[in-house]
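Working notes, beginning with the structure itself.
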Amino acid sequence: MPELALRTLRSERAAMIGWSLSTLALVAVVLAFWPSIEGDDTLTRSFGELPPSVQSAVGIADLGTPAGYLQGQLFSTLGPLIFLSFAIGRGARAIAGEEERGTMDLLLATPIHRARVVIEKAVALLAGLLALGLVTWLGLVAIGPLVDIDLSAGKLAAATAGNLLLGVLYGGIALCLSGATGRRGLSLGIAAGLAAAGFLYTSIAPFVAGLSDHLGFSPFQWAYGDEPLRNGADWGDFGLLLAGGLLFTALAVALFDRRDVR
Amino acid sequence: MDAAIRTRDLTKAYPKVTALDGLDLEVARGEVFGYIGPNGAGKSTTIRLLLDLLRPTRGSAEILGLDVRRRGVDVRRRLGYLAGELALYEEATGRELLTFLARLRGGVGRAYVAALADRFGLPLERPIRELSKGNKQKVGLIQAFMHRPEVLILDEPTSGLDPLLQRTFHELVAEVSRDGATVLLSSHVLSELEHVADRVAMIRAGRLLAVERIEDLKRSAPRKVAVTFAAPVAAEDFAGLPGVSGVDVRGPLARFTVHGGMDAVVKAVARHEVVSLTAQEPELEELFLDRYDAKGAQGGPPGAAAPGATSRERGADA
């Protein structure tokens, strides 16, 4: 049984409820603004005068359609923000948090491998992300039709999954740093910095002549570059994000196993 | 038969300080072994090396014949550990925490956990954050004993326990020791260990100074004796006795210090009518320190706590 993952989820029960409610509220607010945007032609027209590459980069290529609106206002802005803050915070705390509290001694005095600690922490993180993903998707599916957004549940799931997988990748990076250093602040800072850099790269690269051809290297591009709300899941890109998360988790296992517990 | 705990040249060096320097220690099976030294001397460093929480710079350690580094999981299955700076999941209740740790271990008898909790008088259903320091310490002790380990490593086990609970703890140590378990306990005061430990090792500034049997220490220790007689006595009655020094007689009251055996003194005293007699137990601490101060000076400044021995010890330093 994943005792430690369960213990971790239990400790974070209250925070998890908070995250879920805020996420749901956010989804509801974004949806609630759709009717006023939809009816406002001047808004869509003024954006329409921008170059197409710019439009797609900031996710407003077609602010006037439900898919374009949700992509721009949720899945390439607030969505990643939520999933990334959640995942990076949890990842950074996973190992270093136990060490800072002093409870790692208690855990590792039992006959378990250090690898199990890392893996169960990763499982707890993934479970939290899945819960947030589920809340997001359910909110969209349940509230969307009320404001005339009737995108298919599958495409909404694909877009949500893209955001969730960003959390998997950067949460994995934070977990890896946490396992390697035992320092929560450091892990949080570096992982958040990397996420910010990735986000900026994806947003800015289309405007820069030399970079626009290299968008394929950006995790954010993998997550929503192919417009999952229109085209569904890009399994190859999603696979890359998941593989990245797993790779960094494996690295966390190796690095945590090598060092002193703080 | 293998030693229960054996270290060879166990060393932990940090960039600025050597927290533990070439420790060679052997604790026999079934022994209750005291490990004393000032805060920051390297006690917790040693213990955390034995738990494989820290990795040695040099040297190795074995518990029950198994290398703690390579066979850590097997070692810890048979090991109970209480951390010096005990930290628990504050939001859980005592029962939840103990159940959680028991599940991580596997094979822990529920009845025994309940019996231990009952014995220490631990309120199991209250969240740990609401417990006093003493009650938290009980949780720590119960989780260390609950799987009936063959080896117990307890870092400052009686800190926060009132005298009555200290006695409960000492009884428990005596019991598991009778059943064959080996117990290593650390303390920064020798007096805490003298009633439970068979032998004590003293460590200072990361170096082992000496390992002594408590009995031997006590036997060789000077005792301050004070006798009140029914009538005034003469100083000469005691001054010439073997091992006696510092005789001070005031009327019927005689005080002196005795080194070694008490036989001659008792016989001399018995020639007079005695109203009361006290022979003060020596302060083992001072004795130990006196004896090994010179040696300690070689290893580093005596009393100078190695700063940063571990983050835990650093926090505990006065």
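These protein sequences, in sequence, are chains A and B. Be aware that the first sequence starts at 1, since it is given in full-length UniProt numbering, and climbs by one per residue. Be aware that the second sequence starts at 1, since it is given in full-length UniProt numbering, and climbs by one per residue. Where is the CB? At the ideal position from N, CA and C, for every residue including glycine. Here the structure is a predicted model, which is why all the values come from computation and not from measurement.
Tell me which residues share the same chain as residue i and place their Cβ nearer than 7 Å to its Cβ, disregarding the 5 neighbours each side in the sequence.
| i | result |
| --- | --- |
| A/A122 | L175, T249 |
| A/A195 | L84, I88, Y170 |
| B/L66 | D74, V75 |
| B/A297 | With a pLDDT of only 44 at B/A297, under the threshold of 50, the placement of this residue in the model should not be trusted; the figure read from the coordinates follows. Excluding positions up to five away in sequence, the list is empty. |
| A/S20 | A131, L132, V135 |
| B/R213 | D198, R199 |
For chain B, find out if any of its Cβ atoms is closer than 7 Å to the Cβ of residue i; answer yes or no.
| i | result |
| --- | --- |
| A/V261 | yes |
| A/G139 | no |
| A/G179 | no |
| A/A111 | Per the sequence shown, the amino acid found at residue 111 of chain A is Pro instead of Ala. Yes - at least one Cβ of chain B is within 7 Å of the one on A/P111. |
| A/L125 | no |
| A/E3 | yes |
| A/T77 | no |
| A/R184 | no |
| A/D105 | yes |
| A/S20 | no |
Figure out for me which residue from the options has the closest Cα to the Cα of residue i.
| i | options | result |
| --- | --- | --- |
| B/R82 | B/G40, B/G65, B/I63, B/A144 | Reading off the sequence shown, one finds Leu at residue 82 of chain B, where the question assumed Arg. Measuring from the Cα of B/L82, the nearest candidate turns out to be B/A144. |
| A/R7 | B/P38, B/T18, B/F100 | B/F100 |
| A/W137 | A/L126, A/L164, A/F238 | A/L164 |
| A/G162 | A/R183, A/F220, A/L151 | A/F220 |
| B/V113 | B/G140, B/R129, B/I128 | B/G140 |
| A/A192 | A/S76, A/P80, A/L229, A/L31 | A/P80 |
| B/V173 | B/G160, B/R223, B/D162, B/D198 | B/D198 |
| A/V141 | A/R259, A/R13, A/L229, A/L247 | A/L229 |
| B/N39 | B/G206, B/L165, B/K133, B/A279 | B/G206 |
| B/M262 | B/A279, B/H195, B/Q137 | B/A279 |
Please tell me whether residue i has its Cβ less than 7 Å away from any Cβ of chain A.
| i | result |
| --- | --- |
| B/R70 | no |
| B/R103 | yes |
| B/Y14 | no |
| B/Y35 | no |
| B/Y112 | no |
| B/F120 | no |
| B/E125 | no |
| B/L23 | no |
| B/G296 | Only weak support exists for where B/G296 lies, its pLDDT of 46 falling under 50; the value from the coordinates is given anyway. It does not; no Cβ of chain A falls within 7 Å. |
| B/A117 | no |
| B/A318 | For B/A318, the predicted structure reports a pLDDT of 33, less than 50, and the residue's modelled location is therefore unreliable. A value from the coordinates is still provided. Cβ-Cβ to chain A under 7 Å: no for B/A318. |
| B/T175 | Correcting the residue identity first, residue 175 of chain B is Glu in this sequence and not Thr. Cβ-Cβ to chain A under 7 Å: no for B/E175. |
| B/G300 | Its pLDDT being 43, under 50, B/G300 is placed unreliably in this model, and the value from its coordinates should be taken loosely. No - not a single Cβ of chain A is within 7 Å of the one on B/G300. |
Please return the same chain residues whose Cβ sits closer than 6 Å to the Cβ of residue i, not counting the five positions on each side in sequence.
| i | result |
| --- | --- |
| A/A205 | L211, S212, L215 |
| A/A243 | none |
| B/G260 | G243 |
| A/I190 | L177 |
| A/Y201 | S218 |
| B/D248 | R255 |
| A/I82 | T23 |
| residue 331 of chain B | Residue coverage of chain B in this structure runs from 1 to 318, which leaves residue 331 of chain B outside it and unanswerable. |
| A/W222 | D237, L240, L241 |
| B/E90 | I128, R129 |
I'd like to confirm the pairing. Which residues does DSSP put opposite residue i in its beta bridges?
| i | result |
| --- | --- |
| A/I82 | Paired residue(s): none; A/I82 is not in a bridge. |
| A/R101 | In the DSSP output, where bridge partners are listed per residue, A/R101 has none listed. |
| B/L154 | B/L82, B/L185 |
| B/Q280 | B/K224 |
| B/P127 | B/T93 |
So residue i and residue j are supposed to be a Cβ contact under 8 Å. How far apart are they, rounded?
| i | j | result |
| --- | --- | --- |
| A/A158 | A/A233 | 4 Å |
| B/D24 | B/D9 | 6 Å |
| B/Y35 | B/L184 | 6 Å |
| A/A131 | A/M16 | 7 Å |
| A/G97 | A/R184 | 6 Å |
| A/A180 | A/F86 | Incorrect: roughly 21 Å between the Cβ atoms, too far for contact. |
| A/G91 | A/G172 | 7 Å |
| B/R77 | B/L64 | At roughly 10 Å, the Cβ-Cβ gap does not stay under 8 Å, so B/R77 and B/L64 are not in contact. |
| A/I143 | A/A28 | 6 Å |
| A/L129 | A/G167 | 5 Å |
| B/L165 | B/F120 | 7 Å |
| B/I142 | B/A111 | In fact, because the Cβ distance is near 13 Å, the residues do not count as touching under 8 Å. |
| B/G84 | B/R126 | Wrong, their Cβ atoms sit about 24 Å apart, outside the cutoff. |
Could you check if residue i belongs to the surroundings of the ligand MG, using beta carbon to heavy atom distance under 6 Å?
| i | result |
| --- | --- |
| B/R78 | The ligand MG is absent from the structure shown, which contains no ligands of any kind. |
Given residue i, which residues of its chain have a CB within under 8 Å of its CB, disregarding the five upstream and five downstream residues?
| i | result |
| --- | --- |
| B/T11 | T18, L20, D21, G22, L23, P56, T57, R58, G59 |
| B/A231 | P252, H272, E273 |
| residue 264 of chain A | Since the displayed chain A opens at 1 and closes at 262, residue 264 of chain A lies outside it and no answer follows. |
| A/A5 | E120, K121, V123, A124, A127 |
| B/L277 | V225, A226, V227, T228, V269 |
| B/G107 | H147 |
| B/A294 | For B/A294, the predicted structure reports a pLDDT of 49, less than 50, and the residue's modelled location is therefore unreliable. The matter cannot be settled from this model. |
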